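Sequential numbering from 1 applies to the sequence shown in UniProt numbering.
All C-beta atoms in this analysis are idealised placements derived from N, C-alpha and C, irrespective of residue type, glycine included.
All of these numbers come straight from a predicted model, not from anything done at the bench.
Everything below concerns the one structure shown next.
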Amino acid sequence: MSETVASSEVRYDAHAVEEKWLPVWERLDAFRADDASVVAGEKPKFYGLTMFPYPSGDLHMGHAEVMALHDVLCRYKKFRGFEVLNPMGWDSFGLPAENAAIKNDEHPATYTYANIETQFASFKKYGLSFDWSRRLHTSDPEYYHWTQWLFLKLREQGLAYRKNSPVNWCPNDQTVLANEQVLADGTCERCGAEVTKKELTQWYFKTTAYAQELYDSLDDLQDTWIPKVVNAQRNWIGRSEGAHVTFDIEGHDPVAVFTTRPDTLWGATFMVVAADAKLAAELVSDEQRQALEDYLVDVRKASDIDRLSTERPKTGVFLGVHATNPVNGERIPVWASDYVLADYGTGAIMAVPAHDQRDLDFARVMDLPVRRVVDTGEENPEESGVATNGNGSYVNSGPLDGLTDKTEGIRRAIELLEADGHGTGTVNFRLRDWLLSRQRYWGAPIPVIHCPVDGEVAVPEDQLPVELPELRGADLKPKGTSPLGAASEWVNVSCPTCGGPATRDTDTMDTFVDSSWYFFRYLSPHDGTQAFDPALAKAWGPVDFYLGGSEHAVLHLLYARFFTKAMRDMGLIDWDEPFSAYLSQGTVINNGHKMSKSLGNGVALGAQLDEYGVDAVRLTLVFASPPEDNIDWADVSPAGSAKFLQRAWRLAGDVTSAPGTDAAGGDVALRKVTHKTVHEAAQLLDTYRFNVVVARTMELVNATRKAIDSGCGPEDPAVREAAETVAILLSLVAPYTAEEMWERLGHQPSVAQAAWPTVDPALLVEDAVTAVVQIQGKVRGRLEVSPDISEADLESVALADPAVVKAIDGRPVRKVIVRAPKLVNIVV
Numbered sequence: 001m002s003e004t005v006a007s008s009e010v011r012y013d014a015h016a017v018e019e020k021w022l023p024v025w026e027r028l029d030a031f032r033a034d035d036a037s038v039v040a041g042e043k044p045k046f047y048g049l050t051m052f053p054y055p056s057g058d059l060h061m062g063h064a065e066v067m068a069l070h071d072v073l074c075r076y077k078k079f080r081g082f083e084v085l086n087p088m089g090w091d092s093f094g095l096p097a098e099n100a101a102i103k104n105d106e107h108p109a110t111y112t113y114a115n116i117e118t119q120f121a122s123f124k125k126y127g128l129s130f131d132w133s134r135r136l137h138t139s140d141p142e143y144y145h146w147t148q149w150l151f152l153k154l155r156e157q158g159l160a161y162r163k164n165s166p167v168n169w170c171p172n173d174q175t176v177l178a179n180e181q182v183l184a185d186g187t188c189e190r191c192g193a194e195v196t197k198k199e200l201t202q203w204y205f206k207t208t209a210y211a212q213e214l215y216d217s218l219d220d221l222q223d224t225w226i227p228k229v230v231n232a233q234r235n236w237i238g239r240s241e242g243a244h245v246t247f248d249i250e251g252h253d254p255v256a257v258f259t260t261r262p263d264t265l266w267g268a269t270f271m272v273v274a275a276d277a278k279l280a281a282e283l284v285s286d287e288q289r290q291a292l293e294d295y296l297v298d299v300r301k302a303s304d305i306d307r308l309s310t311e312r313p314k315t316g317v318f319l320g321v322h323a324t325n326p327v328n329g330e331r332i333p334v335w336a337s338d339y340v341l342a343d344y345g346t347g348a349i350m351a352v353p354a355h356d357q358r359d360l361d362f363a364r365v366m367d368l369p370v371r372r373v374v375d376t377g378e379e380n381p382e383e384s385g386v387a388t389n390g391n392g393s394y395v396n397s398g399p400l401d402g403l404t405d406k407t408e409g410i411r412r413a414i415e416l417l418e419a420d421g422h423g424t425g426t427v428n429f430r431l432r433d434w435l436l437s438r439q440r441y442w443g444a445p446i447p448v449i450h451c452p453v454d455g456e457v458a459v460p461e462d463q464l465p466v467e468l469p470e471l472r473g474a475d476l477k478p479k480g481t482s483p484l485g486a487a488s489e490w491v492n493v494s495c496p497t498c499g500g501p502a503t504r505d506t507d508t509m510d511t512f513v514d515s516s517w518y519f520f521r522y523l524s525p526h527d528g529t530q531a532f533d534p535a536l537a538k539a540w541g542p543v544d545f546y547l548g549g550s551e552h553a554v555l556h557l558l559y560a561r562f563f564t565k566a567m568r569d570m571g572l573i574d575w576d577e578p579f580s581a582y583l584s585q586g587t588v589i590n591n592g593h594k595m596s597k598s599l600g601n602g603v604a605l606g607a608q609l610d611e612y613g614v615d616a617v618r619l620t621l622v623f624a625s626p627p628e629d630n631i632d633w634a635d636v637s638p639a640g641s642a643k644f645l646q647r648a649w650r651l652a653g654d655v656t657s658a659p660g661t662d663a664a665g666g667d668v669a670l671r672k673v674t675h676k677t678v679h680e681a682a683q684l685l686d687t688y689r690f691n692v693v694v695a696r697t698m699e700l701v702n703a704t705r706k707a708i709d710s711g712c713g714p715e716d717p718a719v720r721e722a723a724e725t726v727a728i729l730l731s732l733v734a735p736y737t738a739e740e741m742w743e744r745l746g747h748q749p750s751v752a753q754a755a756w757p758t759v760d761p762a763l764l765v766e767d768a769v770t771a772v773v774q775i776q777g778k779v780r781g782r783l784e785v786s787p788d789i790s791e792a793d794l795e796s797v798a799l800a801d802p803a804v805v806k807a808i809d810g811r812p813v814r815k816v817i818v819r820a821p822k823l824v825n826i827v828v
């Protein structure tokens, strides 16, 4: 494609251009981050991060969207003089690879690394500005060496521990599931099997140790994270103030319950204990023990989500014992039910049925008393069957009777409890410790040895990593315990403390552990001496911008925040939050529905790239909507994007002035459009309005073509300035086309190494603006006026305009609303 050939005689070949530039970019290595310049403070830093993918196959439309959006910002920051760190790797441990290995009787690594290479080739073809020198895979021993090291450091700090508890269990995948891996219908998100409960001894991270700080520091992220994510984090942590109230139990030690409404204690007519909590087994009378055990069979089949549903029929078992209400001495029955969770507080609640709907539903089924203690003016719940939880005046509440302020009622109730020794004011959190054990093979082994003499013993650091044994498909089949347990040569070891016979822990870590710290490892991914270089963490951290899917808006972010705070307290870093700014992109759908094979509405990324080219797909995805909105592929036009790229490419071929020509003497009108476009683009990019930047670039292409066609001439330096600006702006979203334009304009590759265009403030001053004149809300005239025209002058000019006079047609003018310099609204 020679520049000497008229642009009308040649056609832009997207696929030939892709083949041309890929090896050039490989050679230039333009996006390798320079640690030294950041450590020395020579350049400002920008650490841009997008969630790394799981290697389940080739890239799909969702990957294409998030990577295109992320690339826009990272390329822009490089243009603006930042040293940009933009790394990529793979979250390569996980259940899908293990299930595929079982099916095909192979090692999970075979499936995993083949898919990684497929995705790697697609990433390169997609023209992304990643620093590939920092590539990592979480399933490499080089990586999980340091996952294990961090586990041991957390354990040293008392933040990793082991306990027996009821857990979510997938009978098909034969592994523990975290709460977020159980769908709303109580099934496994991976395989669809009905999740049950199982008692297991498991490893936990003590995330609750940071509950208050995790909650409080969300205030610092409110302005830079999207609000729905901050709110989701707050709701998951679930901070609530209230009191621990102690109830005496017949024949047993007292039991403390947490309540946010101690002021309603006078309405507590029974207690409920989680049926699967240890407390229920401790409290139940001998006469009722079998009834409880029979009830537990059904309880263990329900997910936590099901159990908390207000629509679920209430069931339970009387435990055969009574408690004493501490504020009125009333003897109340103690029941076990599945609508209370074992890991909420102490696993027991005081039931106030008049003012809690689930308690009321339970009371009505079990024929238990209902006593209203707050009169809200609504119908009595005992008669209506509807609990009232609004404010009102206290009744049937002893010393609180007559009060009408809830805050005062809670304060008085806590004072009374503390004075009598029956309770204390406290704060409770919904957040639970992170269950990280998994009974599967393809994950990081937990670096602990179990010795009959010394108990739990950490694997010495010089023996890390504890590498996985070479098990294959048939040996990986679910057995109810980890398949690692069958690798006897691997399991049986000597105790590092006493030298006697011992066994390795056979569980592996949840893959969320790998993704909770990978952004640290990117800083020095091939360092065999430490998890990451503290000097580089100080220079590069925290991550300046993080982009990813909304499905990870709660737990992945929460776990990464937990790891960051824990590592700060270990002295490894000096910052508090991992991600200074966070944005979650929307979803690519088709015809209003999520893409799926069953619906037959899937769109293959590879087919779109083959048909339209990389740049057209990238441009379409960025232009379609703001980043956080969904994109319906049925409503967009990659063919239209391809046509626009042809026009832009032809524009570069039409320029005849020499590179470096001073644009100062060029067409002023076109120069104004160019400089205004650059000025607005910077503002839009800084606020993530990438789609509008594309629109402004399209407008600049049209304005430049119009200027050429109306006599400006391709030799005019203003045309070159505009075309070069188009190439730079297009390189954010269509790097192949931009590179071709840059070359046709006489420059050396790469356009990505160019500087952001300088804006002349004088060219941003408008000589005239268009004022719209409306009569009765309809546009009746347009006036070219001075930008600094006064409201009085604009009104006079508008009323004197012949088109406006004709439209008024002699009718009396009732009101004139003026918004100088752009609007006049006349009411007649």
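Can you name the residues that DSSP bridges to residue i?
i      : result
Lys706 : DSSP, once it has assigned bridges, lists no residue as partnering Lys706.
Asn492 : Thr503
Val785 : Val769
Met509 : Ser437
Asp375 : Ser393
Could you check which residue in the options has the C-alpha nearest to that of residue i?
i           : options                        : result
Asp527      : Glu142, Tyr54, Met88           : Glu142
Gly267      : Thr201, Pro369, Ala243, Ala16  : Pro369
His15       : Arg782, Ala648, Ala616, Asp635 : Ala616
Gly549      : Met67, Ile249, Met567          : Met67
Gly423      : Lys20, Gly242, Lys78           : Gly242
Gln212      : Leu400, Phe31, Trp236, Glu199  : Trp236
residue 875 : Leu200, Trp132, Arg80, Gln174  : Nothing about residue 875 can be read from this structure; the chain reaches only from 1 to 828.
Asp760      : Ile826, Val668, Ala723         : Val668
Lys676      : Ala762, Arg261, Ser56          : Ala762
Asn591      : Thr564, Phe562, Ala634, Leu609 : Ala634
Ser482      : Ile446, Cys498, Cys451         : Ile446
Arg364      : Glu26, Ile808, Thr315          : Thr315
Gly89       : Met51, Leu536, Phe362, Asn99   : Met51
How many Å lie between residue i and residue j at the Cα?
i      : j      : result
Ile332 : Phe270 : 5 Å
Ala754 : Arg720 : 15 Å
Arg650 : Leu476 : 58 Å
Thr196 : Pro638 : 46 Å
Glu611 : Met595 : 19 Å
Ala531 : Phe130 : 21 Å
Arg312 : Cys74  : 49 Å
Arg190 : Asn115 : 19 Å
Val655 : Glu715 : 6 Å
Pro23  : Lys124 : 10 Å
Tyr126 : Val614 : 6 Å
I'd like to know whether the C-beta atoms of residue i and residue j end up nearer to each other than 9 Å.
i      : j      : result
Arg358 : His107 : no
Val427 : Gly500 : no
Val229 : Glu739 : no
Ala624 : Arg671 : no
Ala348 : Val257 : yes
Arg782 : Val772 : yes
Thr697 : Leu730 : yes
Ile789 : Pro821 : yes
Ala336 : Val273 : yes
So is the beta-carbon of residue i under 8 Å away from any non-hydrogen atom of the ligand HEM?
i      : result
Leu200 : In terms of ligand content, the structure shown is empty, and the ligand HEM therefore cannot be addressed.
Give the secondary structure of residue i by DSSP, where H, G and I count as helix, E and B as strand, and everything else as coil.
i           : result
Gly48       : strand
Thr404      : coil
Thr315      : coil
Gln774      : strand
residue 833 : Residue numbering for the chain in the displayed model covers 1 to 828; residue 833 lies beyond these limits and cannot be assessed.
Asn164      : strand
Gly62       : helix
Phe93       : coil
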